[in-house]
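A short write-up of the structure that comes next.
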Amino acid sequence: MDRRRLVGVVLVLVSACAYGSGALFGKPAYETGIDWLILSSWRFLIGAAASWIFVLASVRQRAALRGLDRRAVAGSIALGLLYLGNSGTYYAGLETVDASLAALIVYIYPALVAVLALRVGQPLEGRRAWTALGLALVGVAFAVGGIDPDIGPPPVGLALIVASPVIYAIWIVLAARLSGERRDGETTAESGSVGDAIAAASALIMSATATGYWVIALTLGRPVLPTQIPTAAWPNLIGIGVVATFIAIQTFYAGTRRIGAAQASLLSTIEPIWTISMAALLLGESLAPIQLAGGVLILVGVVVSQTGTAAASSARPQVRLADE
């Protein structure tokens with residue numbers, strides 16, 4: 001393995017673990033008395049601030065930012081506002097659903113994207129998309145079916161977690177179209193400038209998401225101002241904003257540019273494994289054997305959805321903000 005590819009693999013693995021740490025920061029933050037809306041407001045404000053510092057520190061990325069046309073800017077803002085639905089449902093559901101179970105359920109999104117790509121984007125050959133979705137749905141059935149009804153989360157919490165990957169799948173398809181993907185597998189953007197343009201667009205997307213959360217929180221009168229945040233919550237808020245948002249996004253882009261989107265997606269399957277393992281170690285959570293079997297089926301579905309002619313031929317960075 002050459003050095004460039006090795007660095008790419010390491011960066012994508014770091015990204016997957018960083019993304020998967022979001023719930024690990026979120027759960028302890030909730031214990032300090034803040035809710036999902038306050039958490040999300042600060043998560044994206046911190047993430048957006050770090051992203052702007054990163055973008056403005058680079059001459060190439062500043063140039064890419066200035067080069068964004070009105071359509072790209074408007075699309076980035078719209079994607080940021082749409083992301084309120086994905087991240088909001090996930091972190092609202094996480095208030096009552098274990099981090100390990102949530103990590104399994106949200107990872108059905110690659111199979112959902114594969115099916116949506118049959119109509120828009122780059123479709124997989126044959127029945128791969130439907131096979132991937134079938135495996136993922138059976139896996140979710142196993143994961144949910146293994147819940148103890150006496151101590152399990154409420155149906156509303158599960159419904160919110162299930163809604164998150166559905167919204168995220170739609171978000172990914174729209175984001176891919178914004179970044180120039182066409183059904184023939186080509187991209188309308190110049191490959192050498194894609195990474196810088198995506199970094200610039202990501203700062204806009206996160207800023208729109210942060211603005212949306214802060215408007216909602218202030219309108220509802222939530223205690224979101226710095227003086228209203230418990231001191232004990234700050235380490236987790238900073239952690240989720242920097243590690244699970246900024247670092248996760250930038251390492252994914254940097255790694256994907258070195259090894260390609262398809263391979264990056266496959267390597268990212270370590271994310272739920274990381275979350276489940278760390279949730280057991282740090283939060284004392286555990287999954288029943290049938291739930292673990294469901295997790296295996298979901299990950300197999302991810303592999304199926306990310307292999308094949310269309311998936312393997314895609315070497316362009318994906319426009320990814322987060323899994324949740």
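If you count the sequence shown from 1, position 177 lands on 177 in our numbering, and the numbers rise without skipping.
Virtual Cβ for every residue (Gly too), placed ideally from N, Cα, C.
Nothing here was measured: the structure is a model prediction, and the numbers come from that model.
Can you check whether the CB of residue j is closer than 8 Å to the CB of residue i?
{"i": "T275", "j": "A103", "result": "yes"}
{"i": "A111", "j": "A143", "result": "no"}
{"i": "A200", "j": "Q291", "result": "no"}
{"i": "L297", "j": "V138", "result": "yes"}
{"i": "Y213", "j": "L82", "result": "no"}
{"i": "L237", "j": "A29", "result": "yes"}
{"i": "G301", "j": "V12", "result": "no"}
{"i": "T96", "j": "A233", "result": "no"}
{"i": "L101", "j": "L287", "result": "yes"}
{"i": "L39", "j": "Y91", "result": "yes"}
{"i": "I167", "j": "G85", "result": "yes"}
{"i": "A197", "j": "A64", "result": "yes"}
{"i": "I205", "j": "L79", "result": "yes"}
{"i": "V303", "j": "L266", "result": "yes"}
{"i": "G88", "j": "A244", "result": "no"}
{"i": "R43", "j": "I216", "result": "no"}
{"i": "I270", "j": "A16", "result": "yes"}
{"i": "G152", "j": "G93", "result": "no"}
{"i": "S76", "j": "A208", "result": "yes"}
{"i": "G295", "j": "P272", "result": "yes"}
From which residue to which residue does the alpha helix (DSSP H) around residue i run?
{"i": "G100", "result": "Here residue 100 turns out to be Ser, not Gly, going by the sequence shown. That run of the alpha helix (DSSP H) goes A99 to V106."}
{"i": "P28", "result": "G22 to E31"}
{"i": "A78", "result": "R70 to G93"}
{"i": "A53", "result": "First, the residue type needs correcting, since residue 53 is Ile and not Ala in the sequence shown. First-last of the alpha helix (DSSP H) with I53: W36 to L56."}
{"i": "R66", "result": "V59 to G67"}
{"i": "A143", "result": "R128 to G145"}
{"i": "A117", "result": "No alpha helix (DSSP H) holds A117; DSSP gives it neither H nor E."}
Please classify residue i as buried or exposed, where buried requires at least 16 neighbouring CB atoms within 10 angstroms.
{"i": "V343", "result": "In the structure as shown, the chain starts at 1 and stops at 324, and residue 343 therefore has no counterpart that could be examined."}
{"i": "Q357", "result": "In the structure displayed, the chain extends from 1 to 324; residue 357 sits before or after that span and is not available."}
{"i": "P289", "result": "exposed"}
{"i": "Y19", "result": "buried"}
{"i": "R127", "result": "exposed"}
{"i": "T219", "result": "exposed"}
{"i": "I259", "result": "buried"}
{"i": "P223", "result": "exposed"}
{"i": "S277", "result": "exposed"}
{"i": "I327", "result": "Outside the modelled stretch of the chain, which goes from 1 to 324, sits residue 327, for which no answer is possible."}
{"i": "A141", "result": "exposed"}
{"i": "L98", "result": "Before going further, note that residue 98 is Asp rather than Leu in the sequence given. With 16 or more other Cβ atoms within 10 Å, it is buried."}
{"i": "P226", "result": "exposed"}
{"i": "A159", "result": "exposed"}
{"i": "T231", "result": "exposed"}
{"i": "I108", "result": "buried"}
{"i": "A132", "result": "buried"}
{"i": "V113", "result": "buried"}
{"i": "G284", "result": "exposed"}
{"i": "L116", "result": "buried"}
{"i": "R257", "result": "buried"}
{"i": "Q228", "result": "exposed"}
{"i": "G145", "result": "exposed"}
{"i": "A74", "result": "exposed"}
{"i": "P165", "result": "buried"}
{"i": "G8", "result": "buried"}
{"i": "R4", "result": "exposed"}
{"i": "I26", "result": "Before going on, a small fix: residue 26 reads as Gly here, not Ile. So G26 counts as buried."}
{"i": "L299", "result": "buried"}
{"i": "P155", "result": "exposed"}
Suppose only complete runs of 4+ residues qualify. What are the alpha helix (DSSP H) ranges in the segment 246 to 304, listed by chain order? DSSP runs (the alpha helix (DSSP H)) wholly in the segment 246 to 304: 248 to 259, 261 to 267 and 270 to 278.
Every unbroken alpha helix (DSSP H) inside the segment 215 to 248 [4 residues or more]: Correct list: 234 to 241.
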